[in-house]
Amino acid sequence: MGTEWWDVEELDELPVLLELIKVKKTYVIGKRKLEVIRDVSFKMYDGEFIAILGPSGCGKSTLLRIIAGLEKPTSGQILFMNKPIEGISPRIAMVFQSPALLPWLTALENVSLVLEARGMDKKTSMEIARRYLSLVGLAGFENSYPRELSGGMKQRVSIARALAVSPQLLLLDEAFSQLDPLTAESLRSEILDLWRMGVAGIRGIILVTHAVDEAVFMTDRIIVLSSRPTTVVKEVVIDLPRPRNRRSKRFLEILDEVYEYIS
Amino acid sequence: MVIMVSIEIWIYAIEATIFTNIRLFLAYMISLVFSLTVGIAAALNERLGKIIIPILDILQSVPILGFFPVAIYLLVAAFPGRIGVELASIFLIFTSQAWNITFGVYQSALTIPSEFKDLAKAYGIKGLKYVTRIVIPSTFHSLIYNSMMAWAGGWFFVTACEMISMGEFNIVLPGLGSFILMSAYKGDFYKLAIGLVMMLTSIILVNLLIWNPLLEKAEEYREVARSITSPTITVVSTSFLIDFLSAIYSKIDDRLHQLISKIPRETWNRILSKAMLILKMIMVGVIIAVVFLGVFCISKAFPTIIEFFFSMNFTLYLYNALTGTALTLFRIIVAYIISVGWILAVCILVENRSKLFAYSIIIGEVLASIPATIWYPAFIILIEKYGVDPNIASILIILTGMQWYIFFNVMGGVKGIPLHFRQVARLYNIRGRLYLYVSKIILPGILPFLVTGSISGWGGAWNTTILAEYITTGKDVIYIHGIGGLISRAANLGDVGGLFFYIMWMSIFIVLFNKLIWSRLYKVISEKYLAEL
Numbered sequence: 199m200g201t202e203w204w205d206v207e208e209l210d211e212l213p214v215l216l217e218l219i220k221v222k223k224t225y226v227i228g229k230r231k232l233e234v235i236r237d238v239s240f241k242m243y244d245g246e247f248i249a250i251l252g253p254s255g256c257g258k259s260t261l262l263r264i265i266a267g268l269e270k271p272t273s274g275q276i277l278f279m280n281k282p283i284e285g286i287s288p289r290i291a292m293v294f295q296s297p298a299l300l301p302w303l304t305a306l307e308n309v310s311l312v313l314e315a316r317g318m319d320k321k322t323s324m325e326i327a328r329r330y331l332s333l334v335g336l337a338g339f340e341n342s343y344p345r346e347l348s349g350g351m352k353q354r355v356s357i358a359r360a361l362a363v364s365p366q367l368l369l370l371d372e373a374f375s376q377l378d379p380l381t382a383e384s385l386r387s388e389i390l391d392l393w394r395m396g397v398a399g400i401r402g403i404i405l406v407t408h409a410v411d412e413a414v415f416m417t418d419r420i421i422v423l424s425s426r427p428t429t430v431v432k433e434v435v436i437d438l439p440r441p442r443n444r445r446s447k448r449f450l451e452i453l454d455e456v457y458e459y460i461s
Numbered sequence: 021m022v023i024m025v026s027i028e029i030w031i032y033a034i035e036a037t038i039f040t041n042i043r044l045f046l047a048y049m050i051s052l053v054f055s056l057t058v059g060i061a062a063a064l065n066e067r068l069g070k071i072i073i074p075i076l077d078i079l080q081s082v083p084i085l086g087f088f089p090v091a092i093y094l095l096v097a098a099f100p101g102r103i104g105v106e107l108a109s110i111f112l113i114f115t116s117q118a119w120n121i122t123f124g125v126y127q128s129a130l131t132i133p134s135e136f137k138d139l140a141k142a143y144g145i146k147g148l149k150y151v152t153r154i155v156i157p158s159t160f161h162s163l164i165y166n167s168m169m170a171w172a173g174g175w176f177f178v179t180a181c182e183m184i185s186m187g188e189f190n191i192v193l194p195g196l197g198s199f200i201l202m203s204a205y206k207g208d209f210y211k212l213a214i215g216l217v218m219m220l221t222s223i224i225l226v227n228l229l230i231w232n233p234l235l236e237k238a239e240e241y242r243e244v245a246r247s248i249t250s251p252t253i254t255v256v257s258t259s260f261l262i263d264f265l266s267a268i269y270s271k272i273d274d275r276l277h278q279l280i281s282k283i284p285r286e287t288w289n290r291i292l293s294k295a296m297l298i299l300k301m302i303m304v305g306v307i308i309a310v311v312f313l314g315v316f317c318i319s320k321a322f323p324t325i326i327e328f329f330f331s332m333n334f335t336l337y338l339y340n341a342l343t344g345t346a347l348t349l350f351r352i353i354v355a356y357i358i359s360v361g362w363i364l365a366v367c368i369l370v371e372n373r374s375k376l377f378a379y380s381i382i383i384g385e386v387l388a389s390i391p392a393t394i395w396y397p398a399f400i401i402l403i404e405k406y407g408v409d410p411n412i413a414s415i416l417i418i419l420t421g422m423q424w425y426i427f428f429n430v431m432g433g434v435k436g437i438p439l440h441f442r443q444v445a446r447l448y449n450i451r452g453r454l455y456l457y458v459s460k461i462i463l464p465g466i467l468p469f470l471v472t473g474s475i476s477g478w479g480g481a482w483n484t485t486i487l488a489e490y491i492t493t494g495k496d497v498i499y500i501h502g503i504g505g506l507i508s509r510a511a512n513l514g515d516v517g518g519l520f521f522y523i524m525w526m527s528i529f530i531v532l533f534n535k536l537i538w539s540r541l542y543k544v545i546s547e548k549y550l551a552e553l
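In order, the protein sequence lines correspond to chains E and L. For the first sequence, counting from 1, position 62 maps to 260 in our numbering; every step adds exactly one. For the second sequence, counting from 1, position 240 maps to 260 in our numbering; every step adds exactly one.
Spelled out as C-alpha cells, the structure:
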C-alpha cells in the first residue's frame, strides 16, 4: 500500500518541503519488541497544509515526534528541504496536545523564553512575544499566569510560542483535542486565517488528529494511517475551496470516503 | 544562688535566640546550596547520579550524632577555640538537614513532567536556561516542603551541639539550645519557660513569615488539581518578600545568561570542557588526598591502634552490641507502632478539613522542633522518684525523633490524593463507610508516602537512640542498655575503642537493615500504588 501515493501525480511538480522515506519505529521494552510504525513514506509540498489521520494509538503522534526530532526513527530517513533532519531543527515548531506552559512564568515569559533560548536578547524577545500574543488575540493578558487563563487561552499562548520562533514547518499534535467544541472550532478558524495570511513565513503545517471532520475541514490533503503497526492506507486530496462548508455535498462525500479508509 | 534581674534574663534570652537562629540559618544556607547543586547534578547526569545517590543513601542512614565527636575533634584541631566548635555545630545541623532536601530535589528533578522536557527539547532550551527556568522551579515544591522539615530538624539538633560534653571536654556555646538545657538541668523553671517561649516564638514567626508564603507560591507552581487547595495560613502578607526574591532570582538568571551569551559558542564549549576536566582532576585529587591522609594517619597512629586493638575487649563489645541492638530494635518498633497509629488517626480526622489540616501542620512543625533533651530532667525525676520504667522514657524520646518525619510525609501524601478520587468517594457514598473509605481511598493514596516517611523516621529513630538510652543532666546519669546508649556512654567515658566499634556496628546494621527491608518495601509499594495516582 505504500506505493499508492505515486498516484497523486499532479502535485509532483511542486517543490518538496518534507519527505519521509520508509520510516520505521520499534520500541524495545525489556525483551519485548513493540512495532509502532512499520513503514511510512510520503511527501509534503511547499505551501501545503496536511493532516495525518489515524485511529487512537496508531503511532501518529510518534510519527510527528520523529519529524520534530524529539525521537529518532529505528530506520528510514526524513528530508526537510532536501536535507536529512538530524535532531531538532530550529525551523520546525510544535504545538503540543497539552499547552505545556510553565506555571511559574507569565504568558509573555512563556513565549519569550523560547526566543531567549535562541540567543535573542531579553528586550527584543519580549517585544516579539508581545506581538505574537496579540496576534492570537491575547493582548492584555501578557502578565497573566497560565493558571489564570482558560484552556483555549492557554493553547493560544502555546500557538503564539510556536509562531514566535518563525518556523517554516508548524506541527500541530492533536492541538484541539483537549478543548471544548466551541473553543476548538474558533481556534481552528483562527489557525486557518493565520495560515491564509501567511503569517510568520510558515511554508507548511502538519496536523495530527483522529477527528476526520477536523482533517477534512482544515487541510489540503489527508494521509490516512492504519492502526498499529502503522502503514499509510491512503492519501486523500481535498480539493474544496476555503472557507469550507461542512454541509456541502462534496464535503460529505469526502468525509464518507475517508471514514471508509479509516475503519 | 544569684538571681538575675528579669530584664537581663530576657536580653540574654533574646541574644541566645539570635545566635541560634544565625547558626540554623547558616547551616540551612549551606544545605540549600548543597542540595540544589548535588541533587540537580545527580538527576541530570546519570553517571554522576550513580555515584552520588548511594553515597547520600549511606550518609542519610548513618547515625549523625554518633559521628559528632569525630567532627569536633577534627574541626577543633583545625580551628582551635570557639570557631572550631561553632563550625562543628553548623556542620552537625547541616548533616541533619542536607540529605533529606537533596533527595527531594533529586526526586523531583528526575520526575519533571515529560511535556516540559519535550518543550525544552523542541525549542532548544538547554544548559543554564534549562536549569534556572525549568529544573529549579520544578523542584521548588519539594524543596520548600523538605526545607520546612529540615528547619524543624535543625532545632531538634541545635541543643545537642550547643552543649557538648565528651570526657573532660566540656563546651557550652551561647545559644537558645544551651540556655534551655542549662535551665532545665538546674531546675530553673522560670528561665526554662522564657527559653521555650523564645523558641516557640521564633519557630512560629519563621513559619508564618517565610515558609508559609513560600509554600503557597510552591502550590501555585504545581498547578495540579489538588484536593485541598491552599493549606496555608496567611496572617501577615509577605508577598512583597516573595516578589522581591523572585525578582532577584530572575535578575541573576538574566545577568548570567547575558554574560554567557556574550561568550562565543566555541569558547564557551571549550571553557565547559576545561571546567569538566578541572572538576575531574579535583575529584581525583581529593580522592588521592583522602587516601593519602588516611594512610598517613593510620601509619602515624599505627602503634596506638595496635595497642588499642589488643586492649579492646572484643567479646564484651560484641556481646554488648548484639544484646543492645536487639533491645534498641524492640524500642524502635514499639515507637513506630505508636507513631503510625496516632498519625493515621489524625490524618483521617483532618484530611477533609482544610483549616484543621493547616493548623495541624503548624502545630506539628512547632512540636517537631522541640528538642528531645529538654525532657531529660523530667524523665530523671519520673524514673528515680516515681519508679517509672526507664524503657518507657526511652521509647518516648525515640518517638520525638521519629514521628514527625512520618507525620509530614503522610500529611503531604494525603494532600496529594487527586480531587476526583474524593469526588468518586462522595458520589458513591464510599465516604459513608469509614472502613471502606480508609482502606480503599486514603490508605492506598498515602502508602508510598508512609513508606518514605518511615524510612526517614527510622533513620531519625536510630539517631535519637543515642540520646534516648543515655539520659543525663550532668550529674545524674541513667543508662538504658541499647546500641545508642552504648555509643553515648563510650563517648562520655572517653572509651574511644568502644565508640569506634559501636558506631561502625550501628552504621553497618542500619545500612543492611535499609537495604534488606526498606528499599525492597519501597520498591514494591511505589510500583503498585504510585503509578495509579
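Glycine is no exception: its CB is placed at the ideal position from the N, C-alpha and C atoms. Note that this is a predicted model, so its numbers are computed, not measured.
Residue contact with chain E for L/Ile-381: absent (no Cβ-Cβ distance below 8 Å to any residue of chain E). Under a criterion of Cβ atoms nearer than 8 Å, no residue of chain L is adjacent to E/Glu-325; the nearest Cβ is some 16 Å distant. Counted as a single uninterrupted DSSP element, the stretch harbouring L/Phe-350 is not any beta strand (DSSP E) but the alpha helix (DSSP H) occupying residues 334-370. Relative to E/Thr-429, the option among E/Leu-216, E/Lys-220 and E/Pro-213 whose CA is nearest is E/Lys-220. Counting only unbroken stretches of 4 or more residues, the alpha helix (DSSP H) elements lying wholly within the stretch 422-453 of chain L are 439-447, in sequence order.
A straight line joining the alpha-carbon of L/Ile-78 with that of L/Leu-228 spans about 34 Å. As DSSP reads the structure, E/Asp-371 sits in a beta bridge with E/Val-406. Runs of the beta strand (DSSP E) spanning 3 or more residues and lying entirely within the stretch 157-237 of chain L occur at 183-186 and 189-192, in chain order. Ranked by Cα distance from L/Met-524, the options L/Gly-215, L/Ala-341 and L/Gly-124 are led by L/Ala-341. A Cβ-Cβ distance of about 6 Å is found for the pair L/Leu-148 and L/Leu-276, placing them in contact under the 8 Å criterion.
Between the stretch 312-327 of chain E and the stretch 392-406 of chain E, the count of C-beta pairs closer than 8 Å stays below three; the two stretches do not touch.
Taking 8 Å as the threshold, the shortest C-beta distance from E/Lys-281 to chain L does not fall below it.
Each residue's CA atom was taken as its position, placing L/Ile-390 and L/Leu-541 some 31 Å apart.
No Cβ of chain L is located within less than 8 Å of the beta carbon of E/Val-355. Burial state of L/Ser-167 is buried, judged by a 10 Å Cβ sphere holding 16 or more other Cβ atoms. For the stretch 473-527 of chain L, the full-length alpha helix (DSSP H) segments reaching 4 residues or more read 503-513 along the chain. Residue contact check for L/Lys-282 against chain E: no CB pair falls below 8 Å. One finds Leu-300, Pro-301, Trp-302 and Leu-303 in chain E with Cβ atoms closer than 9 Å to the Cβ of L/Pro-157, taken in chain order. One alpha carbon belongs to E/Ala-298, the other to E/Ala-305, and they sit about 12 Å apart. Under a 10 Å Cβ-count criterion, L/Pro-410 is classified as buried, with 16 or more other Cβ atoms of the shown protein chains found around its own Cβ.
Within a 10 Å sphere around the beta-carbon of E/Val-355 sit 16 or more other beta-carbons, which makes this residue buried. Bounds of any beta strand (DSSP E) do not take in E/Gln-366, whose DSSP letter is neither H nor E. Listed along the chain, the chain L residues whose CB falls inside 7 Å of the CB of E/Met-292 are Ala-142.
Contiguous beta strand (DSSP E) elements confined to the stretch 228-289 of chain E occur at 230-243, 246-251 and 273-278, taking only those with 3 or more residues. Not a single CB atom of chain E sits nearer than 8 Å to the CB of L/Arg-451.
Within the same chain, Ile-154 come within 6 Å of L/Phe-136 by CB-CB distance, once the 5 residues on both sides are set aside. Note that the stretch 410-425 of chain E does not touch the stretch 267-275 of chain E; fewer than 3 beta-carbon pairs, one per stretch, sit closer than 8 Å. When C-beta distances to chain E are compared with 8 Å, every residue of the stretch 102-130 of chain L stays at or above that value. Comparing alpha-carbon positions, the option among E/Arg-442, E/Asp-371 and E/Arg-359 lying closest to E/Asp-391 turns out to be E/Arg-442.
Of L/Leu-416, L/Pro-233 and L/Gly-473, the smallest CA-CA separation from L/Val-434 is found for L/Gly-473.
Sequence-ordered contacts of the stretch 289-316 of chain L with chain E are nonexistent [C-beta pairs closer than 8 Å].
Along the stretch 79-155 of chain L, the alpha helix (DSSP H) occurs as fully enclosed runs of 4 or more residues at 84-98, 102-130, 134-142 and 147-150, listed in sequence order. Listed in chain order, the non-local C-beta contacts of L/Val-192 below 6 Å within the same chain comprise Met-183 and Ser-198, local neighbours out to five positions each way being set aside. Closer than 8 Å to the CB of E/Lys-258 there is not a single CB belonging to chain L.
Secondary structure note for L/Val-386: its alpha helix (DSSP H) is the uninterrupted segment 374-389. Judged by pairs of C-beta atoms under 8 Å, the stretch 204-211 of chain L does not touch the stretch 112-126 of chain L, as fewer than three such pairs exist.
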